[in-house]
Amino acid sequence: MATILVADDEPHIRELVRSTLEREGHRVVEAADGREAADAVAREPVQLAVIDVMMPEVDGFELTRWLREERDVPILLLTALGETSHKVRGLRLGADDYLVKPFAPEELVARVEALLRRYRIRADGALDLAVLRLLSDTYEVEANGERMALPPKEFQLLFTLAASAGRTLSRDKLIEEVWGYDYAGDERTVDVHIKRLRVKFPEDVYPFRIRTVRGLGYRLEVNA
35 MATILVADDE PHIRELVRST LEREGHRVVE AADGREAADA VAREPVQLAV IDVMMPEVDG
95 FELTRWLREE RDVPILLLTA LGETSHKVRG LRLGADDYLV KPFAPEELVA RVEALLRRYR
155 IRADGALDLA VLRLLSDTYE VEANGERMAL PPKEFQLLFT LAASAGRTLS RDKLIEEVWG
215 YDYAGDERTV DVHIKRLRVK FPEDVYPFRI RTVRGLGYRL EVNA
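Dropping the structure here:
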């Protein structure tokens with residue numbers, strides 16, 4: 035369960051977002067404008083913020099800028115404005131994702147859960163398996179008494195597989211976790227990054243391997 039800030043000046047939108055997220059087990063803190071939202075964040079920790087762009091007093095862009103300076107939390111912007119310029123401005127100010135109104139509750143849930151998972155990797159700091167340690171603050175992997183720094187996407191991919199060691203994850207799942215819900219590139223990018231990881235961590239040298247499960251995806255296995 036996460037505590038999520040929902041800042042929007044339209045009561046029916048706040049109610050839709052609140053009820054949708056509460057059904058998923060989250061706790062929601064509501065605010066009708068940017069000033070109320072800043073006060074709410076000052077009172078209690080939140081793990082994610084859903085912010086409407088067009089609000090009175092302090093708008094969503096200004097709130098995003100302030101929140102990014104004050105807290106390391108994922109930010110999802112809501113707007114009725116689908117123009118690219120608004121999206122670019124929000125992302126440059128520090129927003130992590132964008133959702134254009136009207137939206138389906140299922141899409142809201144998918145984007146929120148994807149952002150929480152991605153930030154959880156950063157917040158966890160380290161992931162320890164019996165034979166493998168991943169340090170998310172430096173993108174380093176410790177194994178066989180050695181430490182190796184990886185590019186961010188390779189690290190995030192390995193972290194995601196290691197966090198679900200023994201379970202098969204589909205390409206779509208890995209893309210959502212590592213590249214984001216809105217990724218529109220070639221899904222084969224997963225295969226390319228897996229190949230690079232296998233080159234760096236050959237299974238005859240390291241005590242784990244990334245196995246291809248034909249037709250299903252990939253699984254990280256720890257050698258017995």
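Residue 147 in our numbering sits at position 113 of the sequence shown, and the numbers go up by one each step. Ideal placement from N, C-alpha and C gives every residue a C-beta, glycine not left out.
Beta-carbon gap between alanine 65 and alanine 41 smaller than 9 Å: Taking the sequence shown and counting its residues from 1, one reaches residue 65 at position 31. Taking the sequence shown and counting its residues from 1, one reaches residue 41 at position 7. Yes; because the gap between Cβ atoms is below 9 Å, this pair is in contact.
Glutamate 255 (DSSP reduced to helix, strand or coil): Within the sequence shown, numbered from 1, the residue matching residue 255 stands at position 221. Reduced to three states, the DSSP call for glutamate 255 is strand.
Ranges of the alpha helix (DSSP H) found wholly within the stretch 71-121, counting only runs of at least 4: 94-104
Meets three-Cβ-pair contact criterion under 8 Å: the stretch 50-69 and the stretch 168-177: no
Option nearest threonine 113 by Cα separation, candidates Gln190, Ala74, Asp131, Thr194: Walking along the sequence shown from the start, residue 113 turns up at place 79. Taking only the C-alpha atoms, the option nearest threonine 113 is Asp131.
Contact the stretch 72-88 vs the stretch 97-110: 3+ CB pairs below 8 Å: yes
Close beta carbons around phenylalanine 189, own chain, < 6 Å, minus the five adjacent residues each side: On the sequence shown, position 155 is the one that residue 189 refers to. Within the same chain, phenylalanine 189 has close Cβ partners Tyr173.
Of the residues His227, Leu254, Asp106, the one placed nearest leucine 163, counting alpha carbons only: For the purposes of this step, residue 163 is taken as residue 129 along the sequence shown, with counting starting at 1. For the residues His227, Leu254, Asp106, the minimum Cα distance to leucine 163 belongs to Leu254.
Helix, strand or coil at arginine 230 according to DSSP, with G and I counted as helix: Residue 230 sits at position 196 when you count from the first residue of the sequence shown. It is helical.
Whole-Å CB distance - tyrosine 240 paired with threonine 202, under 8 Å assumed: In the sequence shown, the residue the question calls residue 240 occupies position 206. In the sequence shown, the residue the question calls residue 202 occupies position 168. Between threonine 202 and tyrosine 240 the Cβ distance is about 20 Å, and since that is not below 8 Å, they are no contact.
Distance, valine 143 Cα to leucine 168 Cα: Residue numbering aside, residue 168 sits at position 134 when the sequence shown is read from its first letter. Residue numbering aside, residue 143 sits at position 109 when the sequence shown is read from its first letter. So the two alpha carbons sit approximately 28 Å from each other.
Coil, strand or helix - aspartate 42 by DSSP: The sequence position of residue 42 within the sequence shown is 8, counting from 1. Looking at aspartate 42 - three-state DSSP - the assignment turns out to be coil, as it is neither helix nor strand.
Proximal residues to proline 90 (C-beta, below 7 Å), its chain only, five neighbours per side dropped: As a first step, residue 90 is located in the sequence shown; it is residue number 56 there, counting from the start. Closer than 7 Å at Cβ, skipping near neighbours: Asp43, Asp67.
heavy atom of the ligand SAH below 8 Å from leucine 133 C-beta: Questions concerning the ligand SAH fall outside what the structure shown contains, since it holds no ligand whatsoever.
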